[in-house]
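Novice:
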Amino acid sequence: MEVAQETLTAPAKTETKEVSGSVALLDALIAEGTDTIFGYPGGAIMPIYDALYDYNDKLNHVLVRHEQGGIHAGQGYARTSGKVGVVFATSGPGATNLVTGLADAQIDSTPLVCITGQVFAHLLGTDAFQETDVINITTPVTKWNYQVTDA
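The sequence shown runs 4 to 154 under my numbering.
1. Going by DSSP, which residues form a beta bridge with leucine 28?
2. Checking 8 Å against the spacing of the C-beta atoms, do threonine 142 and glycine 95 come in under that value?
3. Kindly indicate the opening and closing residues of the alpha helix (DSSP H) around alanine 108.
4. Run through DSSP, which three-state label would alanine 131 get?
5. Across which residues does DSSP place alanine 34 in a beta bridge pair?
6. Exposed or buried, which one is phenylalanine 132 when buried takes at least 16 other CB atoms within 10 Å?
7. Take the Cβ of glycine 79 as the centre, count every other Cβ of all protein chains shown within 10 Å, and call the residue buried at 16 or more, exposed below.
8. Three-state secondary structure (DSSP) at alanine 76?
9. In this structure, does DSSP put histidine 155 in helix, strand or coil?
10. Between the Cα of alanine 92 and those of Glu35, Pro50, Lys16 and Ala34, spot the shortest distance and give me the residue it belongs to.
11. Check for me: the beta strand (DSSP E) holding glycine 97 runs from which residue to which?
12. Mapping the DSSP letters down to three states, classify alanine 92 as helix, strand or coil.
13. Helix, strand or coil for leucine 126, going by three-state DSSP, please let me know.
14. Please tell me whether leucine 66 has its Cβ less than 8 Å away from any Cβ of chain E.
15. Taking Cβ positions, are glycine 81 and glycine 88 nearer each other than 8 Å?
16. What did DSSP end up calling threonine 119 once you bin it into helix, strand or coil?
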C-alpha cells in the first residue's frame with residue numbers, strides 16, 4: 004500500500020515593520036516578560052522615555068529619585084517577584100550611580116538588566132558631555148555588558 008505524502012510550506016512573510024531602537028527595546032523587554040521598570044530619565048536616554056509613554060498599558064515605570072535608588076529597587080523587585088529587575092539611567096554620572104547596586108546584585112546573584120544612555124557613537128572618545136566608559140567601569144561587576152554603536 005502506497006502512502007501519499009504532501010509537503011506543506013508556510014507562505015513567505017514579506018511584511019516588514021520599521022521601528023525605532025527605543026520601540027524595539029521596549030517590545031523586547033515585554034517579550035521577555037518585563038512588566039515593571041525602575042528608572043530616572045536624563046538627556047541621553049530620553050528617546051526610550053519618549054517611546055515608553057505609548058506603553059503605559061503594558062509597562063509600569065517607577066520613577067525613582069536617584070539612580071542608586073533605582074538599582075536597589077530593581078534588585079529588591081527581582082528578589083521578591085522572581086522576575087528580572089530592569090533599570091533605566093542616563094549616561095555619565097547616571098550610569099556610574101548604578102555601579103554599587105550592580106556589584107551587590109552580582110555578589111547576591113540577583114538578576115538585573117540595566118539600560119543606560121550614552122553619547123552618540125561618533126562622539127565616543129571625544130570627551131563629550133557626560134561621556135563615560137561605562138562598559139569598562141561595569142565589567143568587573145557584571146556578567147555581561149554591551150554597547151550598541153550602530154543600528
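C-beta: ideal position from N, C-alpha, C; glycine also.
Specialist: Per the coordinate set shown:
1. None, per the DSSP bridge assignment.
2. no
3. Note, alanine 108: alpha helix (DSSP H), 102–111.
4. coil
5. Per DSSP, none; premise fails for alanine 34.
6. exposed
7. So glycine 79 counts as exposed.
8. helix
9. Outside the shown range of the chain, which is 4 to 154, sits residue 155, and nothing can be said about it.
10. Pro50
11. In the DSSP assignment, glycine 97 falls outside any beta strand (DSSP E) and within the unbroken alpha helix (DSSP H) covering 96–99.
12. strand
13. helix
14. Protein chain content of the structure displayed is limited to a single chain, and chain E is not contained in it.
15. Per the sequence presented here, residue 81 reads as alanine, with glycine not at that position. Yes, Cβ-Cβ distance for alanine 81 and glycine 88 is below 8 Å.
16. Threonine 119 sits in a strand when the DSSP states are folded into three classes.
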